[in-house]
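Respectively, the protein sequence lines represent chains A and B.
Numbered by my numbering, the letters in the first sequence go through residues 3 to 351 in order.
Numbered by my numbering, the letters in the second sequence go through residues 3 to 351 in order.
Protein chains: 2
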Amino acid sequence: MPTLADVGKAAGVSRGTVSNVFNRPELVRPELRQRVEAAARALGFGGPDPKGRLLRDGKFNAIGFMPPGAYAIAEVMRSPYGRELVLGVSLACDEAGTTLSLVNGTDNTRFASIREALVDGFILGHSGDIGLITSAQRRRLPFVILESDAGPDINSIKIDGRRGAVAAVRHLTGLGHRHFAILSIRRTPGPPIVHMPGQAKRPLLAGFSLDDERLDGFKQGLAEANLSIDDVPIIETTPGDPSAGAIVFDNVPEATAILTMSDWQAITILDEAVCRGIEVPGHVSVIGFDGTAESARTTPPLTTVAQDVIGKGRLAARMVLDNQPPRQLVLPVELVVRASTAAPRAKIR
Amino acid sequence: MPTLADVGKAAGVSRGTVSNVFNRPELVRPELRQRVEAAARALGFGGPDPKGRLLRDGKFNAIGFMPPGAYAIAEVMRSPYGRELVLGVSLACDEAGTTLSLVNGTDNTRFASIREALVDGFILGHSGDIGLITSAQRRRLPFVILESDAGPDINSIKIDGRRGAVAAVRHLTGLGHRHFAILSIRRTPGPPIVHMPGQAKRPLLAGFSLDDERLDGFKQGLAEANLSIDDVPIIETTPGDPSAGAIVFDNVPEATAILTMSDWQAITILDEAVCRGIEVPGHVSVIGFDGTAESARTTPPLTTVAQDVIGKGRLAARMVLDNQPPRQLVLPVELVVRASTAAPRAKIR
DNA sequence: ACCATTTTTTGGAGCGCTCCAAGAATTTTG
DNA sequence: CAAAATTCTTGGAGCGCTCCAAAAAATGGT
């Protein structure tokens with residue numbers, strides 16, 4: 003690979019002049035410029051190597067997005083929520099002329115990824131892993147963490163998940179539902195976990211604030227209707243697990259209403275319901291979370307706890323781009339009632 | 003920002019030793035190591051700055067994805083096709099432990115972006131702009147261009163658009179359709195362009211091989227049914243233009259079948275049809291392109307010319323990651339018949 | 001033709017790091 | 001206990017570039 007110096011030698015000029023030819027051509031005499039350009043062409047030199055500039059200037063002109071939990075970029079791109087989040091981030095990046103790096107973080111390489119990412123700041127998908135946060139702090143770059151309580155010194159953005167969860171339950175109990183199932187999120191790879199009532203270790207307050215908060219909201223909503231969350235089966239699946247629907251229907255056939263943690267999960271339920279000839283909302287009501295574009299297009303359209311995912315992504319990007327003093331934002335949610343919920347009519351089957 | 007040298011000074015050791023503490027801790031005596039670590043902590047040094055390493059090693063460990071045409075990252079993320087493409091790329095990146103940089107390329111900054119992207123290779127979304135390709139070649143990095151004929155020296159991957167287009171038309175003429183409208187892609191920002199039959203400059207062979215090829219396929223398919231593409235109105239809209247449906251219905255009310263260049267466009271038509279009370283496929287048949295996941299979820303589900311978008315993205319990433327001698331791949335397409343096409347029944351209105 | 005300006009070109013300094021050969025310290029061996 | 005072997009630590013070199021102050025060349029005015 004030829005360098006500026008090589009081209010300079012070939013053209014009989016100095017390193018600095020060649021640099022000028024490429025970066026501030028107006029500074030160099032046209033005749034000389036042409037000679038240099040010819041030399042560059044002859045050597046197959048395609049412009050100054052960004053590595054050198056980088057070291058000099060110290061700016062990557064990029065922000066990094068690190069997938070939530072232990073998941074990979076591809077899993078983010080698969081999820082409706084993840085896609086909208088990335089879309090929002092990319093919107094802000096487009097505006098700022100910044101590159102968006104989707105930083106890969108597999109379990110063991112995650113910390114290294116944070117240490118080494120070629121970015122000027124980053125966005126951490128939610129994660130209960132405190133190590134990640136300290137890793138990020140060490141890097142001394144602006145960053146923001148999503149859907150995680152990380153204290154007052156750290157940029158964070160989250161939605162009011164508790165309120166959303168309460169609203170979801172109120173809507174359903176208001177419709178007359180008394181038999182629920184909750185589809186929660188399993189944060190580690192693996193098959194679904196079924197927590198039936200009465201079992202010892204129920205997944206409340208497991209350390210992931212996103213889920214905790216929503217479960218707590220469900221609990222509160224149920225309590226308002228004199229129901230106890232302890233009587234409600236809770237099933238945890240990884241976000242896109244296609245078997246979620248089957249597990250729920252198999253384990254909780256008596257449920258007339260299913261609360262989920264994401265539209266994606268709700269869609270899984272809908273799909274399985276179609277397979278089994280279970281009518282939604284005839285036999286069972288299903289409620290999503292996030293209010294992604296997909297939720298409006300399902301059959302039937304999903305009732306869901308909507309948030310502005312795109313706006314959140316954009317805001318997150320702006321936060322790291324602007325590098326202001328840390329703020330903790332809590333964004334509102336809104337229950338969007340569509341056609342996947344109705345008064346209970348009949349038991350399944 | 004403290005550097006290795008600063009930490010070294012503070013701990014009374016050399017730069018090199020500090021580097022070893024962070025990169026090959028087993029080489030340095032535990033006692034010394036701890037002293038260095040303490041010094042690092044005291045100075046708030048969070049590990050060697052990647053910039054330095056980068057210059058030394060010369061590998062970014064990242065590949066860049068540059069949006070097709072003149073569009074921005076956000077526009078890619080909005081389009082069903084773009085999302086699946088990026089998903090495919092990210093799949094390969096996950097496997098390779100590589101970062102995926104979504105490189106921003108607005109019109110004028112695009113060439114600079116290619117020159118400066120901090121990547122080891124890149125994927126160019128399709129583009130008729132030959133300048134981009136030479137730009138990419140100058141950079142001397144492995145790259146692949148999508149949906150573009152770029153000659154034998156350049157990695158390229160495309161689908162067999164012509165065959166797909168022919169299949170789409172055959173399907174519709176076989177159903178008895180004689181009145182078509184074509185929704186094509188406008189490559190420059192701006193409002194839709196309507197080309198009615200008999201007008202001078204029709205958009206055939208405009209220089210963008212993706213569109214050209216498909217239009218050519220439509221032409222061939224129509225010819226097989228003794229129809230001429232010169233009698234078919236062609237409307238060009240930017241990929242996500244929501245007004246596409248309205249423009250088509252307003253300008254070509256007699257069409258019983260609408261051919262599009264993407265599922266996204268077809269979905270636009272479907273949406274507008276709902277607004278106007280036009281039945282699909284009762285009043286008009288609509289056919290998509292790409293076979294994205296979305297196409298299966300519309301109402302009615304779309305008949306579409308399917309390709310393996312995710313596979314294509316993955317393949318593209320592998321190509322630049324592997325850096326083999328240039329290849330030109332043409333991937334197959336398959337007509338997927340769903341419910342958005344049927345025999346013509348009645349004129350609209 | 002000469003000096004004062006203005007325009008061009010130059011090359012040193014330094015960005016932060018890792019590699020590596022060589023030197024220093026320590027441990028082992030005879 | 002000295003010499004040999006081993007383990008640690010060091011600091012120069014160099015990655016490719018841009019900035020900048022200073023030198024060189026060109027230009028203009030008299």
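Think of the CB as a built atom: it goes at the ideal place given N, C-alpha and C, for glycine as much as any other residue.
Element boundaries [alpha helix (DSSP H), containing residue i]
i        : result
A/Ser92  : 82-98
B/Leu337 : Unbroken run through B/Leu337 is the beta strand (DSSP E), 336-338; no alpha helix (DSSP H).
A/Gly18  : 17-25
A/Thr262 : Careful: A/Thr262 lies outside any alpha helix (DSSP H), inside the beta strand (DSSP E) at 259-262.
B/Ile116 : 112-118
B/Arg55  : 52-59
B/Ile249 : 246-253
A/Leu6   : 6-13
B/Met321 : 311-324
A/Ser297 : 295-299
Span of the beta strand (DSSP E) around residue i
i        : result
A/Ile237 : 236-239
A/Ser103 : 101-104
B/Gln139 : Unbroken run through B/Gln139 is the alpha helix (DSSP H), 132-140; no beta strand (DSSP E).
A/Met68  : 64-68
Local Cβ density within 10 Å of residue i, reported as buried at 16 or more and exposed below that
i        : result
A/Asn228 : exposed
B/Glu256 : exposed
A/Glu226 : exposed
A/Asn106 : buried
B/Val282 : buried
A/Ile132 : exposed
A/Leu29  : exposed
A/Arg43  : exposed
A/Ala40  : exposed
B/Pro82  : buried
A/Ala246 : buried
B/Cys95  : buried
A/Phe262 : Before going on, a small fix: residue 262 of chain A reads as Thr here, not Phe. When all chains shown are included, A/Thr262 counts as buried.
Residue i, DSSP secondary structure in three states
i        : result
B/Thr190 : coil
A/Gly223 : helix
A/Gln267 : helix
B/Ala40  : helix
B/Leu126 : strand
A/Leu185 : strand
B/Pro346 : coil
B/Arg351 : Legend: pLDDT at B/Arg351 = 45, less than 50; position of this residue unreliable, value from coordinates given subsequently. B/Arg351: coil per DSSP, three-state reduction.
B/Pro32  : helix
B/Glu215 : helix
A/His173 : helix
For residue i: DSSP bridge partner residues
i        : result
B/Thr305 : B/Ile289
A/Val196 : A/Ile237
B/Phe47  : Looking at the DSSP assignment, B/Phe47 forms no beta bridge with any residue, so it has no partner.
A/Ile159 : A/Leu148, A/Leu331
Chain A within 8 Å of residue i, Cβ atoms only
i        : result
B/Gly54  : yes
B/Ala318 : no
B/Ile65  : no
B/Leu93  : yes
B/Asn157 : no
B/Thr262 : no
B/Ile187 : no
B/Met79  : yes
B/Leu134 : no
B/Thr301 : yes
B/Val88  : yes
B/Leu104 : yes
Short CB-CB distance (under 8 Å) between residue i and chain B
i        : result
A/Thr111 : yes
A/Gly293 : no
A/Ile350 : Here A/Ile350 scores only 47 on pLDDT, less than 50, and its place in the model is too uncertain to base an answer on.
A/Arg17  : no
A/Met3   : yes
A/Leu120 : yes
A/Leu323 : no
A/Gly46  : yes
A/Asp96  : yes
Contact test: residue i Cβ vs the ligand GDP heavy atom, cutoff 7 Å
i        : result
A/Pro191 : This structure lacks the ligand GDP; in fact it carries no ligand of any kind.
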